[in-house]
Amino acid sequence: MRLGRFVRAATVSVLLAGVSSAAGCSGGARPSPRSVLPASTLPPTTTATTRPACTNASVLAGWSLQRRASLLLVAPVLDFDMATAHVAASDGAGGILFLGPASPPSDLASRLRSAFDGIAAPEPIAMADQEGGGIERLTPPVPSMPWPRTMAATMSTQQVQQLAAATGAAMVALGVKMDLAPVADVDAGPGPSASNPDGRRSFSGDPATASSYTVAFIKGLIQSGAIPVVKHFPGLGGATGNTDNGPASTQSLSSLQSSGLVPFRAAVAAGATAVMIANAAVPGLTSLPASLSSSVITGLLRQQLGFNGLILTDSLSAGAISAAGYDLEHAAVAAVGAGADMVLFGSTLTPAQTALLSPAGVDANLRGIAGAIATAVSTGELPSSRLDSADEHVLDAGHVSLC
175 MRLGRFVRAA
185 TVSVLLAGVS
195 SAAGCSGGAR
205 PSPRSVLPAS
215 TLPPTTTATT
225 RPACTNASVL
235 AGWSLQRRAS
245 LLLVAPVLDF
255 DMATAHVAAS
265 DGAGGILFLG
275 PASPPSDLAS
285 RLRSAFDGIA
295 APEPIAMADQ
305 EGGGIERLTP
315 PVPSMPWPRT
325 MAATMSTQQV
335 QQLAAATGAA
345 MVALGVKMDL
355 APVADVDAGP
365 GPSASNPDGR
375 RSFSGDPATA
385 SSYTVAFIKG
395 LIQSGAIPVV
405 KHFPGLGGAT
415 GNTDNGPAST
425 QSLSSLQSSG
435 LVPFRAAVAA
445 GATAVMIANA
455 AVPGLTSLPA
465 SLSSSVITGL
475 LRQQLGFNGL
485 ILTDSLSAGA
495 ISAAGYDLEH
505 AAVAAVGAGA
515 DMVLFGSTLT
525 PAQTALLSPA
535 GVDANLRGIA
545 GAIATAVSTG
555 ELPSSRLDSA
565 DEHVLDAGHV
575 SLC
């Protein structure tokens, strides 16, 4: 303690002597302002380090490729089996899709919370097909709607928007945030059937009418807090067959420009947040299934229509995909490479596909598909920037912050 006081006293004496000497050398001139500044105002000797702001991209950069690839997958969940939902969440799937004829339990939201309990964020986005008519996975308890064609024939666009808002609110209350609807296809034929995937699922065979009702349905779902998915781009109206069963083609690209694409342009302009890609080839553009084609996804939807939201495939378990020579894993890599952000599978519900929808079967498919995507990125077959973009679109669609 005494030594410290001695050192401080000696230091002060030396400093005072230096000041007096400087004053004497200047002939009694005032010391420079810098020499008399208080120590508290002197510039700091060290610079504080600013921590980079946390973003989804910065968090994703720390994930393994397998985990990032898993975020692109939508796991099929048959008849609201919570064991499968838990497996999907544990595997890091970005979504779960409810399938099958069973009605959901009234306490589905609480069951989902239990299934996702203890799972690292983000939780999968729960989704279902709630189109109206015969395509209603959540009815009851979600109130039933007419077929879209009946809606357009008997209701105003305002009434359809209100009906979609009520439907979306009931879905969200069940914990299901995404509706794989509306069908924006322009179709006046019979169906849906083995030969025609649309039929009454379409609002109208008139492009303008289909556009106005598609936009009304989108606005209603968004109003309720649900996420609409407009399908099946670039339009299955007038397709040569049902792609669930085998290969099919849309109308030619030149015909689509004035017909099938019209509702999709209107949907994008109205703020659609998600689009599903068809599995049909597009004459004049690609001989591949559209869901595997960069000409359709990146060229037509992203670049020409200016869509910046989430892009999902139709089920890659469809007959059109296997007929094109792709197994599930290779199809998923091709779809993501073409510009898709989320991959669906298992939803055709053929006997063979249904047998694979056990928790163990879904787990095996999720791990296999994610592994194939991760390997494609690590080898350079799939650009890492494509995985970056897809992950960001998934998180943005679900309004998820990882920070």
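Going by our numbering, the first residue of the sequence shown is number 175, and it counts up by one from there. No residue lacks a Cβ here, since even glycine has one placed at the ideal position from N, Cα and C.
- Residue pairing by DSSP places Thr-460 opposite Val-456 in a beta bridge.
- Comparing alpha-carbon positions, the option among Leu-247, Pro-421, Leu-475 lying closest to Arg-439 turns out to be Leu-475.
- Nearest to Thr-472 by alpha-carbon distance, out of Gly-511, Ser-330, Pro-525, Ser-426, is Gly-511.
- DSSP places Asp-565 in the helix class (H, G or I) of the three-state scheme.
- Met-325 sits in a helix when the DSSP states are folded into three classes.
- The closest CA to that of Leu-337, considering only His-406, Arg-541, Thr-549, Gln-397, is found on Gln-397.
- Within the same chain, Asp-253, Phe-254 come within 7 Å of Ala-276 by CB-CB distance, once the 5 residues on both sides are set aside.
- Distance from the CA atom of Leu-239 to the CA atom of Ser-376, rounded to whole angstroms, is 39 Å.
- Taking C-beta separations shorter than 7 Å and ignoring five residues to either side along the sequence, the partners of Ser-280 in its chain run Pro-315, following chain order.
- The Cβ atoms of Ile-392 and Ala-441 sit closer than 8 Å to each other.
- Boundaries of the beta strand (DSSP E) harbouring Phe-407: 404-407, taken from the DSSP string.
- Rounded to the nearest whole angstrom, the C-alpha separation of Ala-534 and Thr-328 is 46 Å.
- At a cut-off of 4 residues, the continuous stretches assigned as alpha helix (DSSP H) that sit fully inside the region 378-452 are 381-398, 427-432, 435-443.
- In the structure shown, the three-state DSSP call for Gly-269 is strand.
- Counting every other CB atom within 10 Å of its CB across the protein chains shown gives Thr-487 a total of 16 or more, marking it as buried.
- In this structure, the straight-line span from the alpha carbon of Gln-425 to that of Pro-250 is close to 30 Å.
- The residue among Gly-493, Ser-423, Ile-299 with its C-alpha nearest the C-alpha of Leu-459 is Ser-423.
- With fewer than three CB-CB distances shorter than 8 Å, the region 515-533 does not count as touching the region 283-293.
- Nearest C-alpha to Pro-317 among Leu-479, Leu-348, Ala-506, Arg-241: Leu-348.
- Per the coordinates, the alpha-carbon of Ser-559 lies some 11 Å from the alpha-carbon of Ala-231.
- The bridge partners DSSP lists for Gln-304 are Glu-310.
- By the Cβ criterion, the region 381-392 is not in contact with the region 500-516, since fewer than three pairs of Cβ atoms, one from each stretch, lie closer than 8 Å.
- Only residues of its own chain outside the window of five on either side were considered, and among them Thr-460, Ala-512 have a CB closer than 7 Å to the CB of Ser-467, listed in chain order.
- In terms of Cβ geometry, Leu-312 and Ile-543 do not form a close pair [threshold 8 Å].
- For Asp-488, there is no enclosing alpha helix (DSSP H); the enclosing beta strand (DSSP E) covers residues 484-489.
- If you check the CB distance, Pro-402 and Ala-497 do not come in under 8 Å.
- According to DSSP, residue pairing for Met-256 in a beta bridge does not occur.
- With contacts defined as CB atoms closer than 8 Å, Ser-244 and Asp-265 qualify as a contacting pair.
- Ser-433 sits buried, since 16 or more C-beta atoms from the chains shown fall within 10 Å of its C-beta.
- Between Met-352 and Ala-400 a beta carbon distance of about 7 Å is seen, short of the 8 Å cut, so the two are scored as contacting.
- Secondary structure at Val-574: coil, using DSSP grouped into helix, strand and coil.
- Taken through DSSP and simplified to helix, strand or coil, Leu-337 comes out as helix.
- When secondary structure is reduced to three states using DSSP, Pro-525 falls in the helix class.
- For Asp-353, the three-state secondary structure derived from DSSP is strand.
- By the Cβ neighbour-count rule, Pro-463 is buried, with 16 or more other Cβ atoms within 10 Å of its own.
- Taking the C-beta atoms as reference points, Ala-454 is found no nearer than 8 Å to Ala-508.
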